[in-house]
Amino acid sequence: MPFDVYLNVAVAGILTGLVYGLMALGLSVIFGVVRVVNFAHGEMMTIAMYLAVVLFSHFHLDPLLMLVPIAAVLFAFGYALQAGLINPFITRPEHSQFLLLVALGLIIVNTLLIVFGPDAQSVQTSYAYDSFQIGLLIVDASKLYAGAAAILFTAALFAFFRLTLVGKAIRACADNYTGALVVGLDVKRLYALTFAVGAACVGAAGCIMTLIIDVTPMLGPTYTLLAFIIVIAGGLGSMPGALVGGILIGLTEAFAGILFTPSAKSMFAFAILVLVLLFRPQGILGKRVA
Amino acid sequence: MIASAIAWLDLSPRAMLFLVLLGAVLLIAPFIANDYLLTVLILILYFAYVGQAWNIMMGFAGQLSLGHALYVGLGAYVSAVLFTRYGVGPWIGVLPAMATAVTCGAAIGFLAFRFRVAGVYFAILTIAFAEFARIGFDHLDFVNASAGLFLPVAQYAHNDLWRLRGSPAMFYYVILAATVLALLICRLLLRSRIGYLWLAIREDEVAARAAGIATFRYKMYAVMISAAVTSFAGVFYAFFYNNLFPEQVFNISRSIEIILGTIIGGIGTLFGPILGAFVLTGLAEALNSAMGHFGLDLPGAKQVFYGICLLLVVMARPHGLWPWLAQRIGVAEPRK
Chain A
343 MPFDVYLNVA VAGILTGLVY GLMALGLSVI FGVVRVVNFA HGEMMTIAMY LAVVLFSHFH
403 LDPLLMLVPI AAVLFAFGYA LQAGLINPFI TRPEHSQFLL LVALGLIIVN TLLIVFGPDA
463 QSVQTSYAYD SFQIGLLIVD ASKLYAGAAA ILFTAALFAF FRLTLVGKAI RACADNYTGA
523 LVVGLDVKRL YALTFAVGAA CVGAAGCIMT LIIDVTPMLG PTYTLLAFII VIAGGLGSMP
583 GALVGGILIG LTEAFAGILF TPSAKSMFAF AILVLVLLFR PQGILGKRVA
Chain B
114 MIASAIAWLD LSPRAMLFLV LLGAVLLIAP FIANDYLLTV LILILYFAYV GQAWNIMMGF
174 AGQLSLGHAL YVGLGAYVSA VLFTRYGVGP WIGVLPAMAT AVTCGAAIGF LAFRFRVAGV
234 YFAILTIAFA EFARIGFDHL DFVNASAGLF LPVAQYAHND LWRLRGSPAM FYYVILAATV
294 LALLICRLLL RSRIGYLWLA IREDEVAARA AGIATFRYKM YAVMISAAVT SFAGVFYAFF
354 YNNLFPEQVF NISRSIEIIL GTIIGGIGTL FGPILGAFVL TGLAEALNSA MGHFGLDLPG
414 AKQVFYGICL LLVVMARPHG LWPWLAQRIG VAEPRK
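Those protein sequence lines, which keep their order, are chains A and B. Position in the first sequence (first residue = 1) + 342 = our numbering. Position in the second sequence (first residue = 1) + 113 = our numbering.
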């Protein structure tokens with residue numbers, strides 16, 4: 343295959359990978375701080391995707407404009423979820439939390455199935471078929487906008503955690519739970535905020551994702567798994583790791599799609615998961631835990 | 114012999130009475146139940162059986178597997194391929210089916226336990242392997258890929274137990290026998306050396322290792338035994354439903370359905386999987402027929418119901434219904 347095909351596939355993979363990274367970032371933030379594995383992560387993304395689709399089909403609102411409002415809706419959803427449902431579970435055994443979120447995921451997927459039906463729905467933007475040509479490179483406009491939006495949102499998130507007082511307080515909770523309590527932080531509220539921020543990430547990612555793929559209710563479990571693979575590959579709890587993992591998986595899927603068959607692309611993501619778990623269990627950018 | 118069997122079961126007289134009554138009802142069920150009810154009972158026993166099999170891994174040894182559909186699917190595909198292509202009957206085919214499932218279980222267990230993949234990571238790994246199999250089988254032309262594998266359905270004049278072709282009543286007795294057998298095996302395992310070592314590992318793996326238990330080996334046994342027991346459910350599935358699609362058999366929702374009954378009944382208990390299967394499948398079927406009665410057809414309603422059940426049980430009765438119910442009716446299992 344000629345070089346320019348590989349180049350185009352690589353760029354498309356990276357752009358999709360950036361959106362994957364944003365989605366996985368939500369999972370990573372939630373796990374890194376609250377220590378709860380959000381097993382309804384992909385399901386929450388499908389909620390955001392359906393919101394975007396409905397807003398587009400009824401009011402012709404572009405998903406890119408709806409990015410912040412949809413992220414805000416998911417933020418509220420995440421806050422309520424953690425404050426109402428998950429906080430009592432943070433001292434329970436790991437599998438108990440896991441099952442709570444499995445139950446939630448099951449409810450979300452099938453409620454969406456009842457409301458929207460099993461058929462794929464999509465957003466047909468005016469730029470859906472546009473592309474830019476730069477030398478050998480031909481980039482889909484949708485993918486380029488999606489990647490750019492993902493970068494912007496991710497940058498905002500990094501700034502939140504590095505620069506704001508709340509962001510610093512959340513990181514303090516993650517570093518030392520008891521210490522955070524001692525200096526008088528309201529850990530439960532911060533946990534709820536963290537879950538909300540994670541949910542906003544996945545909400546934004548879902549909104550952007552409608553530019554790239556069609557949405558069906560069954561997408562939820564698949565993307566939950568994908569988010570886990572990305573986060574484990576990048577390093578659980580590491581924010582840059584989630585981005586690196588996202589790009590890695592985006593690239594892998596893109597190349598698997600062109601070299602083999604697109605429907606088998608997730609097999610290669612699983613292969614990466616197994617390799618990482620075996621040879622670098624802490625993930626590419628994760629810190630080794632003794 | 115019966116007396117010694119009863120002594121071995123070590124049950125209170127009241128528990129014995131319940132068990133005998135339940136056994137009697139289940140034995141005569143095909144003579145009094147209509148076809149629909151019988152199918153529901155088969156489904157219930159099927160879930161009781163796989164739930165019991167999953168329980169060996171999670172309930173006894175504390176290893177959360179969320180990919181048990183893998184073993185069901187492998188059992189189903191191996192036996193179905195042997196039957197349709199080579200004319201090998203299910204009772205012979207179950208052996209290679211089990212061998213395949215055990216090999217896969219051992220491979221996953223080896224990778225996970227040797228490299229200290231535990232907890233959530235382990236659960237994700239099991240899902241990943243099941244998904245890997247789903248997509249793999251979807252592209253495997255040898256088993257008809259996504260077009261599905263079909264077993265020949267013919268009208269049989271009489272029940273052919275050896276080839277597992279026949280009426281629902283025959284399938285009912287097969288799965289009933291399997292469920293009872295699984296219960297006895299679990300009872301045996303739980304009260305033997307291996308069972309106690311499993312419980313030690315489940316409660317505190319570090320302490321177990323410090324006490325000199327070869328945790329790696331016993332966790333491997335748990336995965337392999339669980340995989341073997343589960344794979345028979347796959348054989349049953351293949352011959353009962355006569356059609357196999359990778360998208361359905363290996364689907365992650367199958368893995369979730371397998372574990373729901375046991376969680377609701379009570380993880381780590383012997384009767385939990387059975388009670389859970391009755392409660393969950395019974396209620397779900399009742400919901401189905403109630404919706405049918407009102408002319409509603411909502412494809413996701415059953416799963417939403419499952420989700421709500423799971424949510425309620427995990428929140429209100431984290432140890433499941435059976436320990437609570439057993440206390441109420443005075444047949445509590447001896448503390449383990």
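Backbone N, C-alpha and C define an ideal beta-carbon position, used for all residues, glycine too. Fair warning: this is a prediction, and the values are worked out from it, not measured in the lab.
Short CB-CB distance (under 8 Å) between residue i and chain A
| i | result |
| --- | --- |
| residue 245(B) | yes |
| residue 234(B) | yes |
| residue 252(B) | yes |
| residue 420(B) | yes |
| residue 335(B) | no |
| residue 423(B) | yes |
| residue 187(B) | no |
| residue 431(B) | yes |
| residue 449(B) | Any reading at residue 449(B) must be qualified, since the residue scores a pLDDT of 46, below 50, and its modelled position is unreliable; the value itself is stated next. Output row for residue 449(B): interface = no. |
| residue 130(B) | no |
| residue 450(B) | The question about residue 450(B) has no answer here: the residues shown for chain B are numbered 114 through 449. |
| residue 383(B) | no |
| residue 177(B) | yes |
| residue 303(B) | no |
Within chain A, the residues that residue i reaches when beta carbons sit closer than 9 Å
| i | result |
| --- | --- |
| residue 228(B) | 619, 620, 621, 623 |
| residue 224(B) | 616, 619, 620 |
Residues that residue i contacts on chain B, provided the C-beta gap is smaller than 7 Å
| i | result |
| --- | --- |
| residue 609(A) | 245, 248, 249 |
Short CB-CB distance (under 8 Å) between residue i and chain B
| i | result |
| --- | --- |
| residue 436(A) | yes |
| residue 453(A) | yes |
| residue 628(A) | no |
| residue 561(A) | no |
| residue 632(A) | With a pLDDT of 39 at residue 632(A), under the threshold of 50, the modelled position of this residue cannot be trusted; read the value that follows with caution. Chain B, which has no Cβ nearer than 8 Å to the Cβ of residue 632(A), makes this no. |
| residue 601(A) | no |
| residue 416(A) | no |
| residue 464(A) | no |
Residues bridged to residue i [DSSP beta-bridge criterion]
| i | result |
| --- | --- |
| residue 473(A) | 482(A) |
| residue 263(B) | 356(B) |
| residue 278(B) | 273(B) |
| residue 463(A) | 557(A) |
Residues that residue i contacts on chain A, provided the C-beta gap is smaller than 8 Å
| i | result |
| --- | --- |
| residue 427(B) | 438, 441, 442, 445 |
| residue 241(B) | 567, 571, 612, 615, 616 |
| residue 417(B) | 448, 449, 452, 453, 456 |
| residue 237(B) | 567, 570, 571, 574, 615 |
| residue 533(B) | What is shown of chain B runs 114 to 449, which leaves residue 533(B) out entirely. |
| residue 369(B) | 444, 448 |
Limits of the unbroken alpha helix (DSSP H) element including residue i
| i | result |
| --- | --- |
| residue 554(A) | Run containing residue 554(A): none; DSSP gives neither H nor E here. |
| residue 242(B) | 232 to 251 |
| residue 440(B) | 434 to 442 |
| residue 366(B) | 365 to 378 |
| residue 614(A) | 607 to 621 |
| residue 399(A) | 383 to 401 |
| residue 370(A) | 345 to 376 |
| residue 439(A) | 436 to 458 |
| residue 387(B) | 385 to 406 |
| residue 196(B) | 182 to 199 |
Cβ-Cβ separation, residue j to residue i (assumed contact under 8 Å), whole Å
| i | j | result |
| --- | --- | --- |
| residue 186(B) | residue 336(B) | Wrong, their Cβ atoms sit about 16 Å apart, outside the cutoff. |
| residue 343(B) | residue 161(B) | Actually they do not touch by this definition, with Cβ atoms about 13 Å apart. |
| residue 388(A) | residue 557(A) | 6 Å |
| residue 204(B) | residue 372(B) | Not really, about 28 Å apart at Cβ, beyond 8 Å. |
| residue 225(B) | residue 315(B) | Incorrect: roughly 16 Å between the Cβ atoms, too far for contact. |
| residue 127(B) | residue 443(B) | 6 Å |
Contacts of residue i in chain A (Cβ-Cβ under 7 Å)
| i | result |
| --- | --- |
| residue 376(B) | 441 |
| residue 396(B) | Within 7 Å Cβ-Cβ: nothing; residue 396(B) doesn't reach chain A, min ~15 Å. |
| residue 365(B) | 563 |
| residue 411(B) | 456 |
Beta-carbon neighbours of residue i, restricted to chain B and to distances below 8 Å
| i | result |
| --- | --- |
| residue 379(A) | 233 |
Where residue i meets chain B, residues with beta-carbon distance less than 9 Å
| i | result |
| --- | --- |
| residue 606(A) | 248, 249, 251, 252 |
Proximity test, Cβ basis, 8 Å: residue i and chain D
| i | result |
| --- | --- |
| residue 183(B) | This model lacks chain D altogether, as its protein chains are A and B. |
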